[in-house]
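All the letters of the sequence shown, read from the start, carry residue numbers 0 to 108 under numbering that gives the first Met the number 0. Here a beta-carbon is modelled for each residue, glycine too, at the ideal position from N, C-alpha and C. See structure below.
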Amino acid sequence: MFLIWQGLGFLVVILPLAVLLVMSLLGALVNLSNIATIVLSLILSAAAVFYLGKRLNSRPGRILVDPNTQESVELRKRHTLFWIPMQYWAFPILLIAIIASFAMFTAGA
Numbered sequence: 000m001f002l003i004w005q006g007l008g009f010l011v012v013i014l015p016l017a018v019l020l021v022m023s024l025l026g027a028l029v030n031l032s033n034i035a036t037i038v039l040s041l042i043l044s045a046a047a048v049f050y051l052g053k054r055l056n057s058r059p060g061r062i063l064v065d066p067n068t069q070e071s072v073e074l075r076k077r078h079t080l081f082w083i084p085m086q087y088w089a090f091p092i093l094l095i096a097i098i099a100s101f102a103m104f105t106a107g108a
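What follows is the structure, encoded as structure tokens:
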């Protein structure tokens, strides 16, 4: 699978994996089930991706003015994954967490 990103958009993939790794180590210490560890990891990842994406994509750009036509152009870095801004990837991650939490509750019943 190819990943297409701009700026720091690749963190949408790396951040949930890193959080899952840390949470699996902590979950083993606290005796959390595997699915509970995954759900908590996804919720924390969604919050981190949203915050980081919102912060990175709201930075002001540079405004350049063409001396001949007096037209202005704003240059700014974009942080996207598959052409979708980074902060919007938090919602699919959260949706996966909700689906996994339903699986956790139905497995316990």
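Three-state secondary structure assigned by DSSP to residue 59: coil
Of the residues 60, 83, 56 and 17, the one placed nearest residue 72, counting alpha carbons only: 60
Residue of 20, 77 and 85 minimising C-alpha distance to residue 46: 85
C-alpha distance - residue 56 paired with residue 94, whole-angstrom precision: 22 Å
Candidates 91, 2 and 24, of which the one nearest residue 48 by Cα: 91
Nonlocal neighbours in the same chain, by C-beta distance under 6 Å from residue 62, ignoring five residues either side: 71 and 73
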